[in-house]
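Report on the structure given below.
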Amino acid sequence: MAILILMNGLAGFSQVTIEECQRRAQEHYPLVRQYVQIEEAEAYRLANAGKGYLPQMRLSGSASYRSDVTRLPIDVSQWGIPGIDIPTLSKDQYGLSFDMVQMLWDGGEIKSGKERVRTAAQVEKEHVGVGLYALYKQVNRVFFGILLADAGLQQNKLLQEELAQNYQRVQACVQHGIAEETDLHVVRVEQLKAEQHATELTRARTACIAILANLTGMAINETTDFVRPVANTPLTLSVNRPELSLYDAQIRNYEAENSHITAELFPKFALFATGGYGKPGLNMLENTFAPYYIVGMKFEWNISHFYTLKNRRKLIRNRIGQTVLQRELFLFNTRLDMIRENKEVERYTEQLKYDDGIIRLKTAIRKASEVKVTNGILSVRELMRDLHAEQMAIQDKISHEIAYLQALYDLKFTIGHTNE
Numbered sequence: 001m002a003i004l005i006l007m008n009g010l011a012g013f014s015q016v017t018i019e020e021c022q023r024r025a026q027e028h029y030p031l032v033r034q035y036v037q038i039e040e041a042e043a044y045r046l047a048n049a050g051k052g053y054l055p056q057m058r059l060s061g062s063a064s065y066r067s068d069v070t071r072l073p074i075d076v077s078q079w080g081i082p083g084i085d086i087p088t089l090s091k092d093q094y095g096l097s098f099d100m101v102q103m104l105w106d107g108g109e110i111k112s113g114k115e116r117v118r119t120a121a122q123v124e125k126e127h128v129g130v131g132l133y134a135l136y137k138q139v140n141r142v143f144f145g146i147l148l149a150d151a152g153l154q155q156n157k158l159l160q161e162e163l164a165q166n167y168q169r170v171q172a173c174v175q176h177g178i179a180e181e182t183d184l185h186v187v188r189v190e191q192l193k194a195e196q197h198a199t200e201l202t203r204a205r206t207a208c209i210a211i212l213a214n215l216t217g218m219a220i221n222e223t224t225d226f227v228r229p230v231a232n233t234p235l236t237l238s239v240n241r242p243e244l245s246l247y248d249a250q251i252r253n254y255e256a257e258n259s260h261i262t263a264e265l266f267p268k269f270a271l272f273a274t275g276g277y278g279k280p281g282l283n284m285l286e287n288t289f290a291p292y293y294i295v296g297m298k299f300e301w302n303i304s305h306f307y308t309l310k311n312r313r314k315l316i317r318n319r320i321g322q323t324v325l326q327r328e329l330f331l332f333n334t335r336l337d338m339i340r341e342n343k344e345v346e347r348y349t350e351q352l353k354y355d356d357g358i359i360r361l362k363t364a365i366r367k368a369s370e371v372k373v374t375n376g377i378l379s380v381r382e383l384m385r386d387l388h389a390e391q392m393a394i395q396d397k398i399s400h401e402i403a404y405l406q407a408l409y410d411l412k413f414t415i416g417h418t419n420e
């Protein structure tokens with residue numbers, strides 16, 4: 001099985017659809033790798049924020065020399081009482097301590113901080129999603145360019161066959177004296193023009209295939225069959241673009257920031273323990289090295305957060321308001337594009353209703369002209385004119401069919417229904 005897959009990759013895709021190209025383009029685009037980086041960064045930040053629940057530990061030490069120390073202004077020697085001596089602290093003092101603080105309640109600051117990390121990461125992911133979504137339109141343009149070239153080449157082949165038959169017909173007329181040698185030149189000129197146009201179409205097709213191969217990373221080439229999509233109109237015209245998810249994610253991020261501001265207003269309660277060894281210890285009347293410890297509970301309340309509370313709230317509301325306005329503006333412009341593209345679909349639908357009738361009449365005129373040329377009552381130039389008119393009608397239909405499909409896919413892209 002693996003060998004078959006490898007052989008298929010080396011030989012190239014025999015048949016591809018526009019949906020497959022769209023999916024492959026998103027998978028192949030370098031920006032998609034940013035999802036992994038965003039998720040990794042989110043995991044690191046969440047892990048760091050979660051460490052706030054663990055005991056916070058600190059080891060510190062000091063060695064100092066003081067110009068003076070505390071002394072009791074009492075001369076006990078005057079009392080005449082033996083055994084009483086009040087020591088004087090040394091001017092050189094040393095200390096080593098280990099402090100540990102265990103948070104009991106932080107007002108929800110750690111929890112709200114983790115939510116900020118999650119919502120910020122989601123905003124970054126939505127930004128990537130918007131960038132990847134733009135690939136749909138690039139793929140659509142290139143893919144339909146290939147389809148247009150394919151249809152043009154197919155029709156060009158039929159035209160060259162028709163010109164070859166007319167060349168033989170005119171050649172027979174020349175042999176019978178009905179037409180002149182220059183009439184053959186007229187047909188030959190049209191043959192050369194057809195060959196020239198085929199070369200142009202082939203070059204355009206090759207260029208589009210090269211672009212699509214780079215966009216998708218697929219092993220496609222000139223032999224690949226590009227399947228014309230089925231003309232399915234969107235089931236609904238409601239807008240479902242990734243930009244809307246981005247705006248929603250930004251609003252959630254601002255709301256998470258607002259919750260974090262609220263959490264900062266509460267006091268924080270914690271247990272603490274300190275163990276140390278120093279000279280002096282806790283007993284300041286002992287001028288010796290001694291161990292000591294302190295345990296207890298404390299609370300901290302940063303009241304200065306209230307100074308900027310009102311302005312910080314207003315700033316959050318301002319940012320949310322700007323985002324809501326951007327969302328409304330995006331929807332407004334998208335609906336305008338939707339109306340325009342929907343009208344394009346309707347326009348090509350109407351044109352296609354008339355194409356077959358026009359072609360049928362142009363073909364009848366061309367066939368009648370061929371009979372007249374054979375009978376010597378019509379010039380070859382007039383026949384070429386009628387043949388050209390028929391081919392233009394056929395080309396118009398081909399262009400209308402591809403343009404109709406592209407207009408449908410442009411409409412799907414605009415409203416965000418690319419999977420329908």
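Numbering of the sequence shown is given in full-length UniProt numbering, commencing with residue 1 and proceeding in unit increments. Note that the Cβ used here is the ideal one computed from N, Cα and C, for glycine as well.
Check	Outcome
Spatial neighbours of residue 410 in its chain, beta-carbon cut-off 8 angstroms, leaving aside the 5 residues before and after	137, 140, 341, 344
Of the listed residues 159, 385, 391, 208, nearest to residue 142 (C-alpha basis)	208
Residue of 288, 372, 26 minimising C-alpha distance to residue 92	288
Residue 178 in three-state terms, based on DSSP	coil
DSSP three-state assignment for residue 230, whether helix, strand or coil	coil
Rounded separation between residue 285 and residue 105 - CA only	38 angstroms
Supposed close pair residue 256, residue 108 - CB separation, criterion 8 angstroms	The pair is not a contact, with the Cβ atoms about 12 angstroms apart (cut-off 8 angstroms).
Neighbourhood of residue 259 by C-beta, 6 angstroms cutoff - its chain only, sequence neighbours within 5 removed	112
Sub-8 angstroms separation of residue 354 and residue 407 beta-carbons	no
Proximity winner among 300, 371, 309, 247, relative to residue 321 (alpha-carbon distances)	247
Proximity winner among 174, 335, 127, 116, relative to residue 380 (alpha-carbon distances)	174
Residue closest to residue 271, alpha-carbon to alpha-carbon, out of 63, 252, 99, 291	99
Within the region 77-131, ranges of the beta strand (DSSP E) (whole runs, at least 3 residues)	92-105
Selection from 358, 160, 216 that minimises the alpha carbon distance to residue 199	160
Sufficient close CB pairs (3 or more, under 8 angstroms) joining the region 148-162 to the region 186-198	yes
Through-space distance from residue 240 to residue 117, alpha-carbon basis	26 angstroms
Proximity below 8 angstroms, CB of residue 129 to CB of residue 242	yes
At least three beta-carbon pairs within less than 8 angstroms, the region 56-67 to the region 13-27	no
Simplified DSSP state of residue 270, which is helix, strand or coil	strand
Three-pair Cβ contact test at 8 angstroms for the region 329-336 versus the region 308-319	no
Whole alpha helix (DSSP H) elements within the region 6-65, 4-residue minimum	18-28, 34-50
Whether residue 96 touches residue 276 by CB criterion (8 angstroms)	yes
Candidates 367, 274, 50: closest to residue 59 by CA position	274
Residues that residue 294 bridges to, as DSSP identifies them	274
DSSP state of residue 300 mapped onto helix, strand, coil	strand
Residue of 390, 23, 375, 147 minimising C-alpha distance to residue 170	375
Per DSSP, cross-strand counterpart(s) of residue 279	94
Beta-carbon proximity check, residue 122 vs residue 290, cutoff 8 angstroms	no
Own chain residues within Cβ distance below 8 angstroms of residue 424, not counting five before or after	This structure cannot speak to residue 424, because the chain is shown only from 1 to 420.
Reduced DSSP secondary structure (H/G/I, E/B, other) of residue 68	coil
The region 382-393 touching the region 364-371, judged by at least three CB pairs closer than 8 angstroms	yes
In DSSP terms, what residue 225 is bridged to	15
Residue nearest to residue 135 in terms of C-alpha spacing, selected from 212, 223, 203	212
Residue 287 - DSSP class collapsed to helix/strand/coil	coil
Alpha-carbon spacing of residue 304 relative to residue 218, whole angstroms	60 angstroms
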